[in-house]
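> Chains as they are written, first to last, in the numbering used here: chain A, 3 to 327; chain B, 3 to 327.
There are 2 protein chains.
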Amino acid sequence: MTIRDVAKVAGVSPITVSRALNHPELVTPDTLERVRSVVSRTGYVPNEIAGSLRSRRSRIVAAVFPQITNSMFVDTIQALSDCLRQEGYQVLLGLSSYEEREDELIAGILGRRPEGIYLTGIGHAPDTRRRLIASHIPVVEAWDLTPTPIDMLVGFSHEKAGEAMARYLLAKGHRDIGLVWGNDLRAGVRRKGLLSVLAEHGIPEVPTGLEPAPGMFQRGREGLAELLGSGARVSAVACSSDVLAQGVIAEAQDRGIRIPGDIAVMGFGDFDFAAHTSPSLTTIAIEKAMIGRLAAQALLARIQGKEVAERIVDVGFRLVERDST
Amino acid sequence: MTIRDVAKVAGVSPITVSRALNHPELVTPDTLERVRSVVSRTGYVPNEIAGSLRSRRSRIVAAVFPQITNSMFVDTIQALSDCLRQEGYQVLLGLSSYEEREDELIAGILGRRPEGIYLTGIGHAPDTRRRLIASHIPVVEAWDLTPTPIDMLVGFSHEKAGEAMARYLLAKGHRDIGLVWGNDLRAGVRRKGLLSVLAEHGIPEVPTGLEPAPGMFQRGREGLAELLGSGARVSAVACSSDVLAQGVIAEAQDRGIRIPGDIAVMGFGDFDFAAHTSPSLTTIAIEKAMIGRLAAQALLARIQGKEVAERIVDVGFRLVERDST
DNA sequence: CTGTTAGCGCTTTCAT
DNA sequence: ATGAAAGCGCTAACAG
Numbered sequence: 003m004t005i006r007d008v009a010k011v012a013g014v015s016p017i018t019v020s021r022a023l024n025h026p027e028l029v030t031p032d033t034l035e036r037v038r039s040v041v042s043r044t045g046y047v048p049n050e051i052a053g054s055l056r057s058r059r060s061r062i063v064a065a066v067f068p069q070i071t072n073s074m075f076v077d078t079i080q081a082l083s084d085c086l087r088q089e090g091y092q093v094l095l096g097l098s099s100y101e102e103r104e105d106e107l108i109a110g111i112l113g114r115r116p117e118g119i120y121l122t123g124i125g126h127a128p129d130t131r132r133r134l135i136a137s138h139i140p141v142v143e144a145w146d147l148t149p150t151p152i153d154m155l156v157g158f159s160h161e162k163a164g165e166a167m168a169r170y171l172l173a174k175g176h177r178d179i180g181l182v183w184g185n186d187l188r189a190g191v192r193r194k195g196l197l198s199v200l201a202e203h204g205i206p207e208v209p210t211g212l213e214p215a216p217g218m219f220q221r222g223r224e225g226l227a228e229l230l231g232s233g234a235r236v237s238a239v240a241c242s243s244d245v246l247a248q249g250v251i252a253e254a255q256d257r258g259i260r261i262p263g264d265i266a267v268m269g270f271g272d273f274d275f276a277a278h279t280s281p282s283l284t285t286i287a288i289e290k291a292m293i294g295r296l297a298a299q300a301l302l303a304r305i306q307g308k309e310v311a312e313r314i315v316d317v318g319f320r321l322v323e324r325d326s327t
Numbered sequence: 003m004t005i006r007d008v009a010k011v012a013g014v015s016p017i018t019v020s021r022a023l024n025h026p027e028l029v030t031p032d033t034l035e036r037v038r039s040v041v042s043r044t045g046y047v048p049n050e051i052a053g054s055l056r057s058r059r060s061r062i063v064a065a066v067f068p069q070i071t072n073s074m075f076v077d078t079i080q081a082l083s084d085c086l087r088q089e090g091y092q093v094l095l096g097l098s099s100y101e102e103r104e105d106e107l108i109a110g111i112l113g114r115r116p117e118g119i120y121l122t123g124i125g126h127a128p129d130t131r132r133r134l135i136a137s138h139i140p141v142v143e144a145w146d147l148t149p150t151p152i153d154m155l156v157g158f159s160h161e162k163a164g165e166a167m168a169r170y171l172l173a174k175g176h177r178d179i180g181l182v183w184g185n186d187l188r189a190g191v192r193r194k195g196l197l198s199v200l201a202e203h204g205i206p207e208v209p210t211g212l213e214p215a216p217g218m219f220q221r222g223r224e225g226l227a228e229l230l231g232s233g234a235r236v237s238a239v240a241c242s243s244d245v246l247a248q249g250v251i252a253e254a255q256d257r258g259i260r261i262p263g264d265i266a267v268m269g270f271g272d273f274d275f276a277a278h279t280s281p282s283l284t285t286i287a288i289e290k291a292m293i294g295r296l297a298a299q300a301l302l303a304r305i306q307g308k309e310v311a312e313r314i315v316d317v318g319f320r321l322v323e324r325d326s327t
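#1: Following the continuous alpha helix (DSSP H) through B:Arg43, name the residue where it begins and the one where it ends.
#2: Determine whether the Cβ of A:Ala144 lies closer than 7 Å to any Cβ atom of chain B.
#3: Short of 8 Å in beta carbon distance, which residues of its chain neighbour B:Arg169, apart from the five on each side in sequence? Order them along the chain.
#4: Determine the chain A residues that contact B:Asn49 at a beta-carbon separation under 8 Å, and present them in chain order.
#5: In three-state terms, what does DSSP make of B:Glu224?
#6: Whose Cβ in chain A lies nearer than 8 Å to the Cβ of B:Gly123?
#7: In the DSSP assignment, the alpha helix (DSSP H) including B:Thr78 goes from what residue to what residue?
#8: Please report the Cβ distance between B:Gln92 and A:Gly110, rounded to the nearest whole angstrom; I am assuming they are in contact, meaning their Cβ atoms lie under 8 Å.
#9: With DSSP run on the structure shown, which of helix, strand or coil describes A:Val47?
#10: So does the region 243 to 263 of chain B actually touch the region 304 to 319 of chain A, counting three or more Cβ pairs closer than 8 Å?
#11: So which residues on chain A does B:Arg133 lean against when the C-beta distance must stay under 8 Å?
#12: Would you verify that the beta carbon of A:Ala127 is, or is not, closer than 7 Å to some beta carbon of chain B?
#13: Would DSSP call A:Ala266 helix, strand or coil?
#14: Tell me, please, whether the CB atom of B:Pro92 is closer than 7 Å to any CB atom in chain A?
#15: Helix, strand or coil: how does DSSP classify B:Phe67 here?
#16: With a cut-off of 7 Å, does the C-beta of B:His160 fall near any C-beta of chain A?
#17: Of the choices B:Ser73, B:Leu34, B:Val8, whose alpha-carbon is the least far from that of B:Asp272?
#18: What does A:Phe219 touch in chain B if you count any residue whose Cβ is under 8 Å from its own?
#19: Helix, strand or coil, according to DSSP, for B:Met3 in the structure here?
#20: Where do the N-terminal and C-terminal ends of the beta strand (DSSP E) with A:Tyr120 fall, by residue?
#21: What residues from the region 71 to 82 of chain A come within 8 Å of chain B, judged by C-beta to C-beta, listed N to C?
#22: Straight-line CA distance for B:Arg132 to B:Phe67?
#23: Thinking C-alpha only, which one of B:Ile135, B:Ser137, B:Leu95, B:Leu112 is nearest B:Thr122?
#24: Under a three-way DSSP split, which group does A:Gln92 fall into?
#25: Please confirm whether A:Gln299 has its beta-carbon closer than 7 Å to some beta-carbon of chain B.
#26: Report yes or no: is there a C-beta of chain B within less than 7 Å of the C-beta of A:Ser42?
#27: Assuming A:Met268 contacts A:Thr279 under a Cβ cut-off of 8 Å, what Cβ separation, rounded to an integer in Å, is found between them?
#28: Under three-state DSSP, which class holds A:Arg114?
#29: Under 7 Å between beta-carbons, which chain A residues line up against B:Gly110? List them in chain order, please.
#30: Would you decide whether A:Gln248 is buried or exposed? Buried here means 16 or more other CB atoms lie within 10 Å of its CB.
#31: Quick check for students: name the residue ranges of the beta strand (DSSP E) that lie wholly in the region 225 to 260 of chain B, counting only runs of 3 or more.
#32: Taking CB distances under 7 Å as the criterion, tell me whether B:Ser20 reaches chain A.
#33: Name the chain A residues whose beta carbon is nearer than 9 Å to that of B:Ser99?
#34: So that I know if they touch, is there some Cβ in chain A lying closer than 7 Å to that of B:Ala234?
#35: Indicate the three-state DSSP secondary structure (helix, strand or coil) for B:Glu207 in the structure shown.
#36: Give me, in chain order, the residues of the same chain whose beta-carbon lies closer than 6 Å to that of B:Glu165; leave out the 5 immediate sequence neighbours on both sides.
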């Protein structure tokens, strides 16, 4: 079934079928009706690949995330996808999971000629960066902040988020602060911010349980075990993610350590999740869906040829105090 | 930059460039080298849209999920995506979120000529079903079981899962069982299975807090409040999802109700999540990543022209007992 | 091993 | 309001 078959049956030319489907206002109600009836009778589905090739509009936006299993990004994906679909765009999902190289993934994506690209984070290989710029495709980087994005940016400062965690714990009177921290780029920046504030307040030594992967629950348990095993004195534990923090809390409870009585615990990021435990977790809340919406809007605007007013949008973060500190 | 530009610079014909990139073994090491050097110097990215049109192979697999924000499907997406990417396929993500109609989404997807389609669930509009069959594209439905799938199927019996929940609670000696249950298709089937077993054991009346949306945390709190407010006597609460169950547990703890001392709580599905709370939740565990892997394998096999041995794969489920019952 | 020819199915452009 | 011609960029099919 091609557009020519439909045209033949409807007694019109292929281009008229195309117009009836894509610009119905350019066609007589009569022919429109004829075409539509043939389409629905035959079950004709226009080949968007051919359309994309000729029109040079793929109607695809690519979205690249690191692994999504830690659930940090699902709200962003959902919002991004919803907004884009509303405008007739489909989402090509790229998951650059641990072993894979983001640049290979993006190289593959570029071949599909997406009209926009959403990237998680700002840490991309220089070569990838160059190729993206050379492609002239609108790009939004998200979940981080930098004065020199590839193109557009929707995120927040991880350094400031780390600083906020430190200040909060200090304000609560804690000085013996331990870290249970995952090993990923953005977490590293938060840690830097956190440590710098602690250092300013005369706390240069911060015992840390470093975990290889970005925060899984079991790692949180191990992290606390490591901290306590090291003999360090801690009145508060800051974690690089809420899932890690949940693990810390579980391990504490198993050991009869009361929270927040004996140890305060603080998390980061997965907000809703932070309410799911008891004690519900004090954490840094990120407007994850907002990031997706703003990214979609920025891409759509640029696709439609508008220059966006703010290339860099800082969505910030909130500190949500619950009963874990 | 097109393949012709590369060909000109390399001093070969376009088809030789095509072969150098797609079938390097058909080309002299010398020309291969020349082509590759031109490609990397110029930053040429082959237009897959054109390639797809001509070769009739889109190298795309579409994956349709209901909203992913409840995190039930992320492991499946991740596994599906990983397996497909390994074979050079990209994932077109379709989220048929609440307000949208799945059939529109799928109609849009068919235009992209995916080589395979993953669908969540078996409840599709008759018209959609017909179109999918007519398309001759390999389809895997997942997360449910039926003797009459569109094409292939990887899932488990929600009825049996519901029955297993009932039997477990009965075996634990519970007869005053309450439900906090979300309102979605598959949850409804589980409920049916659960109620039928209870009825067999002489328990026809089961107080139920029905929630409009599929399991959000806050709904679980409300559900338990509703159950208790109705004056029903309950020694156990079964929930349609782990997130709902977490809400139930939180609400119970706020009211000074001990779990499992006063009330037993049971969840469903989100397995890992069930360990994140305390008391950690007794639940039905689903091999979510396995579903994604098997679905990808089934699709890839059929794409490569192999007939799959088992069109219907029942991955089953496990009952994982934790300290909430 | 390499090249020529043709055409995938659609939409742009220009004409009527 | 409709149509004819052309061609998007690539690869299948065939030839040498």
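The C-beta atom is built at its ideal place from N, Cα and C for all residues, glycine as well.
To lay it out plainly:
#1: Within the second sequence, numbered from 1, the residue matching residue 43 of chain B stands at position 41. First-last of the alpha helix (DSSP H) with B:Arg43: 31 to 44.
#2: By 1-based counting over the first sequence, the position of residue 144 of chain A is 142. It does not: the Cβ of A:Ala144 has no partner Cβ on chain B nearer than 7 Å.
#3: Within the second sequence, numbered from 1, the residue matching residue 169 of chain B stands at position 167. Excluding sequence neighbours, B:Arg169 sits near Val199.
#4: On the second sequence, position 47 is the one that residue 49 of chain B refers to. Within 8 Å Cβ-Cβ: Leu55, Gly113, Arg115.
#5: Locating residue 224 of chain B in the second sequence gives position 222, counting from the first residue. In the structure shown, B:Glu224 sits in a helix (DSSP, three-state: H, G or I).
#6: The sequence position of residue 123 of chain B within the second sequence is 121, counting from 1. Simply none; closest approach about 18 Å.
#7: Here residue 78 of chain B refers to the residue found at position 76 when the second sequence is read from its first residue. Start and end: 76 to 88.
#8: Walking along the second sequence from the start, residue 92 of chain B turns up at place 90. Walking along the first sequence from the start, residue 110 of chain A turns up at place 108. Yes, they are in contact, since the Cβ atoms of B:Gln92 and A:Gly110 sit about 7 Å apart, within 8 Å.
#9: If you number the first sequence from 1, residue 47 of chain A lands on position 45. Looking at A:Val47 - three-state DSSP - the assignment turns out to be coil, as it is neither helix nor strand.
#10: no
#11: For the purposes of this step, residue 133 of chain B is taken as the residue at position 131 of the second sequence. What B:Arg133 touches in chain A: Gly45, Val47.
#12: As a working note, residue 127 of chain A is residue 125 in the first sequence. False, the Cβ-Cβ gap to chain B never drops below 7 Å.
#13: Reading the first sequence from its first residue, position 264 is the one you call residue 266 of chain A. Reduced to three states, the DSSP call for A:Ala266 is strand.
#14: The residue given as residue 92 of chain B occupies position 90 in the second sequence. The sequence shown places Gln at residue 92 of chain B, not Pro. It does; some Cβ of chain A falls within 7 Å.
#15: Position 65 of the second sequence, counted from the start, is the residue given in the question as residue 67 of chain B. Three-state result, B:Phe67: strand.
#16: Within the second sequence, numbered from 1, the residue matching residue 160 of chain B stands at position 158. Answer no: the Cβ-Cβ gap between B:His160 and chain A never drops below 7 Å.
#17: As a working mapping, residue 272 of chain B is identified with position 270 in the second sequence. Minimum Cα distance to B:Asp272 is reached at B:Ser73.
#18: The residue you call residue 219 of chain A lines up with position 217 of the first sequence. Going along chain B in sequence order, the residues near A:Phe219 (Cβ under 8 Å) are Asp274, Ala277, His278.
#19: Start at 1 with the first residue of the second sequence, and residue 3 of chain B comes out as number 1. In this structure, B:Met3 counts as coil in the three-state DSSP scheme.
#20: Within the first sequence, numbered from 1, the residue matching residue 120 of chain A stands at position 118. From DSSP, the beta strand (DSSP E) with A:Tyr120 extends over 118 to 122.
#21: Thr71, Ser73, Val76, Asp77, Ile79, Gln80
#22: Locating residue 132 of chain B in the second sequence gives position 130, where the first residue counts as 1. Locating residue 67 of chain B in the second sequence gives position 65, where the first residue counts as 1. If you take the alpha carbons of B:Arg132 and B:Phe67, they lie about 19 Å apart.
#23: Along the second sequence, read from residue 1 onward, the residue named residue 122 of chain B stands at position 120. Considering only alpha carbons, the answer is B:Leu95.
#24: The sequence position of residue 92 of chain A within the first sequence is 90, counting from 1. A:Gln92: strand per DSSP, three-state reduction.
#25: The residue given as residue 299 of chain A occupies position 297 in the first sequence. Chain B contact via Cβ: absent.
#26: As a working mapping, residue 42 of chain A is identified with position 40 in the first sequence. Not one chain B Cβ lies under 7 Å of A:Ser42.
#27: The sequence position of residue 268 of chain A within the first sequence is 266, counting from 1. The sequence position of residue 279 of chain A within the first sequence is 277, counting from 1. Actually they are not in contact, since the Cβ atoms of A:Met268 and A:Thr279 sit about 13 Å apart, beyond 8 Å.
#28: The residue labelled residue 114 of chain A in the question sits at position 112 within the first sequence. DSSP places A:Arg114 in coil when its eight states are reduced to three.
#29: Residue mapping note: residue 110 of chain B aligns to position 108 of the second sequence, counting from 1. In chain order: Gln92.
#30: By 1-based counting over the first sequence, the position of residue 248 of chain A is 246. When all chains shown are included, A:Gln248 counts as buried.
#31: 238 to 241
#32: Against the second sequence, residue 20 of chain B aligns to sequence position 18. B:Ser20 does not count as touching chain A.
#33: Counted from its first residue, the second sequence places residue 99 of chain B at position 97. Correct list: Gln80, Ser83, Asp84, Arg87.
#34: Here residue 234 of chain B is taken as the residue at index 232 of the second sequence, counted from 1. Closer than 7 Å: no.
#35: Start at 1 with the first residue of the second sequence, and residue 207 of chain B comes out as number 205. Residue state, collapsed to three classes: coil.
#36: As a position in the second sequence, residue 165 of chain B is number 163, starting the count at 1. Result list for B:Glu165: Gly195, Val199, in chain order.
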